[in-house]
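Here's the structure we're looking at; comments come further down.
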Amino acid sequence: MQDLIIEATKYTPHIELLSSRDLLIFRGKSYPENTFDFYAKALEWIEEYLAKRQNPATLDLDLAYLNSSSSKLFFDLFDLLESHSDKGVKVNWYYDEENESALESGEEFMEDFTKLEFKLIKK
Amino acid sequence: MRQTLLYYNGAFTQDLVVTFSEVLSQKLGNSKLVYSLVDIFIEMSQNLMHYSKDKSGSIVVTKGEDGYLIESCNTINSTQKERIISRIDAIKPMSRDELKLYYKECRKYGKFTHLQGGGLGFVQIQRHASAPLEYSFEDLSSGETIFKLTTTLQGA
Numbered sequence: 001m002q003d004l005i006i007e008a009t010k011y012t013p014h015i016e017l018l019s020s021r022d023l024l025i026f027r028g029k030s031y032p033e034n035t036f037d038f039y040a041k042a043l044e045w046i047e048e049y050l051a052k053r054q055n056p057a058t059l060d061l062d063l064a065y066l067n068s069s070s071s072k073l074f075f076d077l078f079d080l081l082e083s084h085s086d087k088g089v090k091v092n093w094y095y096d097e098e099n100e101s102a103l104e105s106g107e108e109f110m111e112d113f114t115k116l117e118f119k120l121i122k123k
Numbered sequence: 124m125r126q127t128l129l130y131y132n133g134a135f136t137q138d139l140v141v142t143f144s145e146v147l148s149q150k151l152g153n154s155k156l157v158y159s160l161v162d163i164f165i166e167m168s169q170n171l172m173h174y175s176k177d178k179s180g181s182i183v184v185t186k187g188e189d190g191y192l193i194e195s196c197n198t199i200n201s202t203q204k205e206r207i208i209s210r211i212d213a214i215k216p217m218s219r220d221e222l223k224l225y226y227k228e229c230r231k232y233g234k235f236t237h238l239q240g241g242g243l244g245f246v247q248i249q250r251h252a253s254a255p256l257e258y259s260f261e262d263l264s265s266g267e268t269i270f271k272l273t274t275t276l277q278g279a
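Heads up: the sequence lines are chains X and U, in that order.
All letters in the first sequence, in the order written, are residues 1 to 123 by our numbering.
All letters in the second sequence, in the order written, are residues 124 to 279 by our numbering.
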């Protein structure tokens, strides 16, 4: 399976989906106008990857800002990962010490997805 | 006397929302309060883009002694009025903890099909706000309605 890399813009994160390393990275801000259109390609890749993978997956998230529809999208992504958590899914949620909201946002996801190995990591 | 930090009236684009957000952050620095202000601004702008017929309207951000006011104004299709009222009225009396639970409840609904209708957006705005959201409507003879939304954010 080919890797998928999408460069960041001012309002969408840098995305690296690396099947060879079982690593999914999202880094930056997320507030596109049409969130589901923007993430459609990445979600399609992740669904295919989850169906084929053999190893535990790691999701590295460093999201400084999520608008409400991006927050909904990541909720659905965690939900999808949780339904495939039998082969193991680690979530590393990175946050800046000064960005209290990013920490709270990570905590709220962690409360909802107890089957994922969810870690909050100060940068 | 309130100080106007930002006033815009016209067509909205995603690029403008980005620029205005950056202007607010640069003017006010990086505090939790400013993060909330910018988040409210983005949600209200994107709501305006979604609800208004031609992605046009106005947004004004002012600063007074006790904090900020963010006001948006745009025309909507009259049929959306009741939906907006019921969504905002549902969250207005909620406490901070109730809003958090309600936000998480709303976020579960639907899967990869989130219709952009301001449902979750209003809750996100109300979670930051220091007072219940205030709205008003004015029906026009054209069959359209003017929708005004005011968010209060206290703090200096």
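Beta carbons: idealized from backbone N, C-alpha and C, even for Gly.
Owing to the predicted nature of the structure, the values given are computational and were not obtained by experimental measurement.
Proximity of chain X to K150/U at the Cβ level (cut-off 7 Å) is not reached, the minimal Cβ distance being about 17 Å. DSSP places Q126/U in the uninterrupted beta strand (DSSP E) bounded by Q126 to A134. In terms of CA proximity to S105/X, L66/X leads the group T9/X, Y39/X, G88/X and L66/X. Annotation: R210/U has no Cβ neighbours in chain X at a cutoff of 7 Å; minimum Cβ distance is about 13 Å. Secondary structure of S69/X (DSSP, three-state): helix. Beta-bridge partners of E33/X (DSSP): none assigned. Annotation for Q277/U: the continuous beta strand (DSSP E) segment containing it runs E267 to Q277. Between N153/U and chain X, the shortest Cβ-Cβ separation is below 8 Å. Residues of chain X with a Cβ closer than 8 Å to the Cβ of M172/U are, in chain order, E33.
With a cutoff of 8 Å on beta-carbon distance, E257/U and I269/U are scored as not near each other. For the 8 Å CB-CB criterion, T275/U and G190/U form a contact. Within the same chain, Cβ atoms closer than 7 Å to the Cβ of K178/U are found at A134, F135 and M172, the five residues on either side in sequence being excluded.
Under a 10 Å Cβ-count criterion, I214/U is classified as buried, with 16 or more other Cβ atoms of the shown protein chains found around its own Cβ.
The beta carbon of L263/U is closer than 8 Å to those of T198 and I269 in its chain, skipping five residues each way along the sequence. Neighbourhood of V146/U in chain X, by CB distance below 8 Å: empty, with the nearest CB roughly 13 Å away.
With fewer than 16 other Cβ atoms from the protein chains shown falling within 10 Å of its own Cβ, S83/X counts as exposed. Interface with chain U (8 Å Cβ-Cβ cutoff): D112/X is included.
R230/U belongs to the set of residues whose beta carbon lies under 8 Å from a beta carbon in chain X.
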